[in-house]
Amino acid sequence: YSQVLNFDAEMVFWSCLFFLWLRVSSANAGEWSAKMPESVVGLSVSCLLIPCTFSYPANGKTYTEFTGIWYKGSSIVYHTDTSKIIDSFKGRTLIGDLRQNDCSLKISSLSSSDAGPFEFRIEIKYFDNYSYANGSLLDFFFCLEPLKQVTATCAVSHSCPSDLPRVSWSHDGSHSSPSQPQNHGQWKLTSYSLTFTPSREDNNKRLSCSAEFKGKTVTGYKTLKVKCKSSEVSYKIYFMFSIYVVVMKKMLAFKIFKIKKNKVY
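Residue numbering for the sequence shown is -29 to -1, 1 to 236, as defined by mature numbering (1 follows the signal peptide of the UniProt record, and there is no 0).
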């Protein structure tokens, strides 16, 4: 089915983006504590940094030999002694400077097999060991397919098919040739399309289409909403801008139509 939306453009792509939720309100045991954010976001096949700091009851003493360990269940995904890391995580994990109380974990080349939960443990030579079991439980929610391309369409109304306005986009992508002019009352309507692959950085950015004619320019835009949804359903999104270009005493007027979204089964 298809429906017309009356709100800003929403780009939905499935499965490139996954969310890593961190169930934590800081773990404490006396003066042992670990602090981490409530949630972080990572991209499939990219890397992910989980910010983490810890403290311990040093009692005025200075310690210099630390062993940091991150567990995934009973498996070790990071260890100061790299020979103890399970094969699937070897070469993919790094940790912060433990001498500076930095237990941040970086995981490279993320995949569905990286699903948690995780647990951080610190071992301090000549002092004590502690596992922050209650403060480092992580859950992954994955969308696993590659990024999907989307197509935006800018419809320009004009009066002369042989003298078309020049259309430009604010986003890089593949430009299609203008469509054949279609009758639209007393005007001709020509469509221009841009196909591109969205990224997380595109979220809340404006996608604009500008039509220039005889030195005058009008611009229509939609705000992009990049979200991750269930991988069970896929969508193909069409963005429809419609710009009326009217030449009248050096003035251009335009109107932006709503987005048209087609659901593909």
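Just so you know, even glycine gets a beta-carbon here, dropped at the ideal spot from N, CA and C.
From a predicted model like this one, the values you see are computed outputs, not experimental measurements.
Next item on the list: Using only the heavy atoms of the ligand SAM, determine whether one of them is closer than 7 Å to the beta carbon of Ile57.
Entry: With respect to small molecules bound, the structure shown includes none, and the ligand SAM cannot be examined in it.
Next item on the list: Return helix, strand or coil for Phe98, following the three-state DSSP convention.
Entry: coil
Next item on the list: Please name the residue in Tyr42, Gly67, Leu69 and Ser147 whose C-alpha comes closest to that of residue 239.
Entry: Lying before the first or after the last residue shown, residue 239 is absent from the chain, which here runs from -29 to 236.
Notebook entry, point to check: Which value, in whole angstroms, describes the spacing of the CA atoms of Glu36 and Asp85?
Noted result: 29 Å
Margin query: Once DSSP output is grouped into helix, strand and coil, what is the label at Asp73?
Written below: strand
Notebook entry, point to check: Among Pro132, Ser26 and Gly62, which one has its Cα closest to the Cα of Glu94?
Noted result: Ser26
Check: Can you tell me whether DSSP reads Lys6 as helix, strand or coil?
Finding: strand
Checklist line | Nearest residue (CA-CA) to Glu172, options Lys185, Lys196 and Leu19 | finding: Lys196
Item checked: Assigned secondary structure, Glu36 (DSSP; H/G/I helix, E/B strand, else coil) -> coil
Item checked: Among Lys77, Ser46 and Asn72, nearest to Lys88 - alpha-carbon criterion -> Per the sequence shown, residue 88 should be read as Pro rather than Lys. It is Ser46 whose Cα lies nearest to the Cα of Pro88.
Checklist line | Cut-off 7 Å between Cβ atoms - residues of its own chain near Leu20, not counting five sequence neighbours on either side | finding: Ser75 and Lys77
Item checked: Leu65 versus Glu90: straight-line alpha-carbon distance, rounded -> 15 Å
Next item on the list: Give the DSSP-derived three-state secondary structure of Lys176 in the structure shown.
Entry: coil
Notebook entry, point to check: Buried or exposed: Lys61, going by 16 or more other Cβ atoms within 10 Å of its Cβ?
Noted result: exposed
Item checked: Unbroken beta strand (DSSP E) run spanning Ser46, endpoints -> Ser46 to His50
Next item on the list: Enumerate in chain order the residues of its own chain whose CB-to-CB distance from Arg63 is below 7 Å, with the five nearest sequence positions on each side excluded.
Entry: Ile78, Ser79 and Ser80
Checklist line | Among Ser170, Tyr163 and Asp68, nearest to Ser179 - alpha-carbon criterion | finding: Tyr163
Check: Which first and last residues belong to the beta strand (DSSP E) in which Ile21 is found?
Finding: Leu19 to Ile21
Notebook entry, point to check: Taking all protein chains shown into account, do 16 or more other C-beta atoms lie within 10 angstroms of the C-beta of Pro132, making it buried, or fewer, making it exposed?
Noted result: exposed
Next item on the list: Starting from the C-beta of Ser150, find all residues in its chain whose C-beta is less than 7 Å away, skip the five residues before and the five after it, and write them out in chain order.
Entry: Thr161 and Ser162
Item checked: Close Cβ partners of Ser17 (< 7 Å) along its chain, the five nearest in sequence each way excluded -> Leu81
Note to self: In the DSSP output, what is His129 paired with across the bridge?
What the structure shows: Lys159
Margin query: Judging by CA-CA distance, which residue of Arg92, Leu135, Cys125 and Asp68 is the nearest neighbour of His142?
Written below: Cys125
Notebook entry, point to check: CA-CA distance, Asp134 and Gly191?
Noted result: 21 Å
Item checked: Between the CA atoms of Ser59 and residue 238 - distance to the nearest angstrom -> Any answer about residue 238 is impossible in this case: the structure gives the chain only from -29 up to 236.
Note to self: Using 8 Å as the threshold, is the C-beta distance between Arg177 and Thr166 below it?
What the structure shows: no
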